[in-house]
Amino acid sequence: MTQTQEGAGSTPAAEGPERYDAHAIQERWLPVWDSLAPFRSGAEGDARPKKYVLDMFPYPSGDLHMGHAEAYALGDVVARYWVQRGFDVLHPIGWDAFGLPAENAAIQRGLDPRGWTYDNIAQQRASMRRYACSFDWDRVLVTCDPQYYRWNQWLFLRMHEKGLAHRRPSLVNWCPNDQTVLANEQVVDGRCERCDTLVTKKKLTQWYLRITDYADRLLDDMAQLEGHWPDKVLSMQRNWIGRSTGADVQFRIEGREEPVPVFTTRPDTLHGATFFVVAADADLAAELAAGAPADVQQEFAAYVERVRAASDIERLATDRPKTGVFLHRWALNPATGERLPVWAADYVLADYGHGAIMAVPAHDQRDLDFARAHDLPVRVVVDVRGEDGEPLPDPAGTGVATTGDGVLVNSGPLDGMRKAEAIAAMTQLLAERGTGAAATNYRLRDWLISRQRYWGTPIPIVHCEACGEVRVPDEQLPVELPPAEGLDLTPKGTSPLGGASDWVNVDCPSCGGPALRDTDTMDTFVDSSWYFLRFCSPQRDDVPFDVAEVERWLPVAQYVGGVTHAILHLLYSRFFTKVLFDLGYVTFTEPFLRLLNQGMVLMGGSAMSKSRGNIVRLSEQLDEHGVDAVRLTMAFAGPPEDDIDWADVSPTGSAKFLARAWRLARDVTSAPGTDPRSGDQALRALTHRTLHDAAQLVEGFRFNVVVARTMELVNATRKAIDDERVGPGDAGVREAVEAVAVLLSLFAPYTAEDMWAQLGHEASVARAGWPQVDPTLLVEDTVTCVVQVQGKVRDRLEVPPGIGQDELRELALASERVQAALAGRGLRTVVVRAPKLVNIVPA
1 MTQTQEGAGS TPAAEGPERY DAHAIQERWL PVWDSLAPFR SGAEGDARPK
51 KYVLDMFPYP SGDLHMGHAE AYALGDVVAR YWVQRGFDVL HPIGWDAFGL
101 PAENAAIQRG LDPRGWTYDN IAQQRASMRR YACSFDWDRV LVTCDPQYYR
151 WNQWLFLRMH EKGLAHRRPS LVNWCPNDQT VLANEQVVDG RCERCDTLVT
201 KKKLTQWYLR ITDYADRLLD DMAQLEGHWP DKVLSMQRNW IGRSTGADVQ
251 FRIEGREEPV PVFTTRPDTL HGATFFVVAA DADLAAELAA GAPADVQQEF
301 AAYVERVRAA SDIERLATDR PKTGVFLHRW ALNPATGERL PVWAADYVLA
351 DYGHGAIMAV PAHDQRDLDF ARAHDLPVRV VVDVRGEDGE PLPDPAGTGV
401 ATTGDGVLVN SGPLDGMRKA EAIAAMTQLL AERGTGAAAT NYRLRDWLIS
451 RQRYWGTPIP IVHCEACGEV RVPDEQLPVE LPPAEGLDLT PKGTSPLGGA
501 SDWVNVDCPS CGGPALRDTD TMDTFVDSSW YFLRFCSPQR DDVPFDVAEV
551 ERWLPVAQYV GGVTHAILHL LYSRFFTKVL FDLGYVTFTE PFLRLLNQGM
601 VLMGGSAMSK SRGNIVRLSE QLDEHGVDAV RLTMAFAGPP EDDIDWADVS
651 PTGSAKFLAR AWRLARDVTS APGTDPRSGD QALRALTHRT LHDAAQLVEG
701 FRFNVVVART MELVNATRKA IDDERVGPGD AGVREAVEAV AVLLSLFAPY
751 TAEDMWAQLG HEASVARAGW PQVDPTLLVE DTVTCVVQVQ GKVRDRLEVP
801 PGIGQDELRE LALASERVQA ALAGRGLRTV VVRAPKLVNI VPA
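Residue numbers (UniProt numbering): 1 to 843.
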């Protein structure tokens, strides 16, 4: 086994205390690592192959918590492993520093969000250093620094030039508590993801990014990620984009010149449409209601107010009573010419399709519930059969819509056709008549990025009465936030920036006349949608990122973070990457090649929260058990994607194990560089098998198994040291302990570094290199075969790995212990699973 020694430097004396003291070890090595900077990346002339490992950067809401402890422990294993494997690893860190939490906290305390944010960053940075994260501290970024958000603005302007950034009035998600708009992705179960307040609707003029232009590519490019991203994440993104195919059908409204388009996935059921529904909060509903009798107009106005107070989730709930207002208008069915009553209702959303639907109550449950509530007709047009082959009962009587496949009936030229054929036939018929065409619809909506809050990136647009929307010239970037002093940051529905008159009032960059800055700030997900590019050249002040450096490092080889960002951050990052590809700034279309999602850290089966009284403070755990014990516990608790219940794990046990491992290095008496080939062969074989398997396990994210295998190696090495036939001077013992130190460098860097020094090596073990595995030692001379009689283990046989079934059967039956268990009885069955199992069932 060979070791490569890089980054050698000053090492504390190997002669240390006899007792394992985690805190003393931490104090001993932190300053050494600060001096050595073993994880500095991208040095000129560094010929090692490149690999980019990235953890989702944190929000500076306070000190690190238990969730951070898990995420950064796991990401650190990956980064440290690839350094040991001989890669130049880019592993940077920064802070996602804009947003509502800092602003709300500052308001509560009467502080400037800047001070609050930067104080928390300083605290987290110190904790990350203590936690021994393998970050390249020369590559740090903070998104609220003007030198960073300048490039948010630059990217926005490029999208504006391309037509991807636009401003329009529309109904938006409104958080009454935070007094700001939310993107659809930021509404969870009808509530604000930040403060859990029920979200309402409000009509505002807002900025959007046209992510819908990339819907097909966002879906189709997932083929690049299959097998490399969790299936759950890919499914969540596919469902969110929600591509569906069907037809746009043009309905005429009596008294209205322009037809109303309706998207439907089932144009074959047009003959079953018995009424027409418009989203109550859509502009079309207000237009149609304007021609209704006065009492209907009043009823409609009151109804719309109630609808706007409900969330989309509430409106779409299947058990919600189906309410609506008949608008005294009629739509004409383009397939039959039949007059259909037009209703405004809450179970149709203004931003789905075109905000209107044809209602086919016999074959859609929500339409049927509405029809039954308002005594509207129900017409069966699909003959759906049960398992017995008999027609299902008429939905008008049962109240249960028939939604399965079947044969078309009561549908004129479509009668006798099945679904696929009928859809194609009706779509063709509509196209020939000029009343419809094949279409694709998406659940995905354009990304609303306007926020009516202070602590965010100002939108670099000036509004001029003469020139309209004017882009701020690149040379005038960044448009910096004005000081918070003197501004009322309290949420009130309009941006606090409107109160900064000296900042708002500017000369138009185009005509020089009086103009006003846009007072909205950008959604903070803009900050995190491209930050991984900035890490390649965070000090550049002339470009957002160095294209050559991006080409050198990206795409990100391994991304680590929580599944809570499966839709928002990851989807937006993929969108930004595709835009930048189209603009010619990057040569790849997916930013993250592999994704690892970690679970949550719970306490007593529940998420930690002050209200539950189950908060576990990371700082207290580190003080009590030491950094390495906490990190090792996180890795050993189970597969990374599983939740960890801190009540069920044992950092105390981890600390005891680390002390046992550390003592091995104290006991080794052979000199550094001793040829291991003369060492104990059984221990050497275990060492090499452990190293071989550990590499595969780390790359498969089976970190807990790597820890378990390392524990086995520690136990075996202790036995060898205590065995007078082997002893502490054996060359195989040194080899094993050095392997333990390298393995532990992934999980418990302080302990590993101290062991490395005790073994006579210079720092840092993090750059020691992965020990070379001897393939001849991976061959097992024998394997243990378990022999069972009636399900009970009666013997264990050491047999060759390649033993045949017949030979193994005879050996098992010849065993004295097996013969005793059989007690002269005959045999009913002998099941042989060579080479590891024989199961005997007596007659």
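Glycine is no exception: its CB is placed at the ideal position from the N, C-alpha and C atoms.
On a predicted model such as this, the values are computed, not experimentally measured, just so you know.
Going by Cα to Cα distance, which pick from 715, 697, 171 and 800 is closest to residue 311?
-> 171
Would you verify that the beta carbon of residue 216 is, or is not, closer than 8 Å to some beta carbon of chain B?
-> Looking at the structure shown, chain B is missing, and only one protein chain is on hand.
So is residue 465 buried or exposed if we call it buried at 16+ other beta carbons inside 10 Å?
-> exposed
Curious, which full-length beta strand (DSSP E) runs of at least 3 residues does the segment 76-153 contain?
-> 88-90, 93-95 and 140-142
So, are the CB atoms of residue 278 and residue 435 less than 8 Å apart?
-> no
Simplified DSSP state of residue 327, which is helix, strand or coil = Reduced to three states, the DSSP call for residue 327 is strand.
Where the alpha helix (DSSP H) through residue 279 begins and ends | Not the alpha helix (DSSP H): residue 279 falls in the beta strand (DSSP E), residues 275-279.
Can you say whether residue 751 is buried or exposed, counting buried as having 16 or more other CB atoms within 10 angstroms of its CB?
-> buried
So residue 452 packs on residue 181, CB below 8 Å; how close in whole Å?
-> 7 Å
Chain-order list of residues whose beta-carbon lies under 7 Å from that of residue 378 (same chain, five-residue window excluded) = Correct list, in chain order: 274, 361, 362, 368, 371, 395 and 396.
Cut-off 6 Å between Cβ atoms - residues of its own chain near residue 561, not counting five sequence neighbours on either side = Leaving aside the five residues that flank residue 561 on each side, the residues in its chain whose CB is nearer than 6 Å to its CB run, in chain order, 56.
Run the CB neighbour count on residue 257, radius 10 Å, all protein chains shown included, and call it buried at 16 or more, exposed below.
-> exposed
Three-state secondary structure assigned by DSSP to residue 767 = helix
Close beta carbons around residue 410, own chain, < 8 Å, minus the five adjacent residues each side = 271, 272, 379, 380 and 381
Is it right to say residue 80 is buried, meaning 16 or more other beta carbons lie within 10 angstroms of its own, or is it exposed?
-> buried
Can you tell which of 25, 821, 769 and 54 has its C-alpha closest to the C-alpha of residue 84?
-> Ranking 25, 821, 769 and 54 by Cα distance to residue 84 puts 769 first.
Report all residues from its chain with a CB closer than 7 Å to the CB of residue 219; omit the five preceding and five following residues, and keep chain order.
-> 238, 241 and 243
From this set, 365, 331, 305 and 116, which residue's C-alpha is nearest residue 316's C-alpha?
-> Residue 316 has its Cα closest to that of 365, out of 365, 331, 305 and 116.
Quick one, which of 598, 537 and 457 has its alpha-carbon nearest residue 566's?
-> 598
Per-residue DSSP class, three states only, for residue 603 | strand
Can you give, in chain order, each stretch of the beta strand (DSSP E) that sits fully within the segment 342-393 and has at least 3 residues?
-> 356-359
Does DSSP put residue 450 in a helix, in a strand, or in coil?
-> strand
Could you pull out every residue in the same chain whose Cβ sits closer than 7 Å to the Cβ of residue 174, ignoring the five residues on either side in sequence?
-> 181, 199, 200, 201 and 202
Euclidean distance between Cα positions of residue 497 and residue 104 | 16 Å
Determine, using beta carbons only, whether residue 787 and residue 818 come nearer to each other than 8 Å.
-> yes
Taking the C-alpha atoms as reference points, what is the distance between residue 852 and residue 127?
-> Here the chain comprises residues numbered 1 to 843, so residue 852 is not present and cannot be evaluated.
Straight-line CA distance for residue 664 to residue 717?
-> Between residue 664 and residue 717, the alpha-carbon positions lie close to 8 Å from each other.
Taking Cβ positions, are residue 643 and residue 602 nearer each other than 8 Å?
-> For residue 643 and residue 602, yes; Cβs fall inside 8 Å.
DSSP state of residue 515 mapped onto helix, strand, coil = strand
Looking at C-alpha atoms only, which residue of 833, 820, 834 and 843 is the closest neighbour of residue 827?
-> 843
Evaluate residue 652 with the Cβ neighbour count: other Cβ atoms within 10 Å of its Cβ, from every protein chain shown; 16 or more gives buried, anything less gives exposed.
-> exposed
Give a yes or no on whether the C-beta atoms belonging to residue 303 and residue 335 are separated by under 8 Å.
-> no
Taking three-plus beta-carbon pairs below 8 Å as touching, is the segment 346-357 in contact with the segment 383-392?
-> In short, these stretches do not touch, since the Cβ pair count stays below three.
Alpha helix (DSSP H) segment containing residue 303, residue limits = 294-308
Residues in its own chain within less than 6 Å of residue 46 by CB, not counting five upstream and five downstream?
-> 88
Assigned exposure category for residue 615 - 16 Cβ within 10 Å defines buried = Burial call: exposed.
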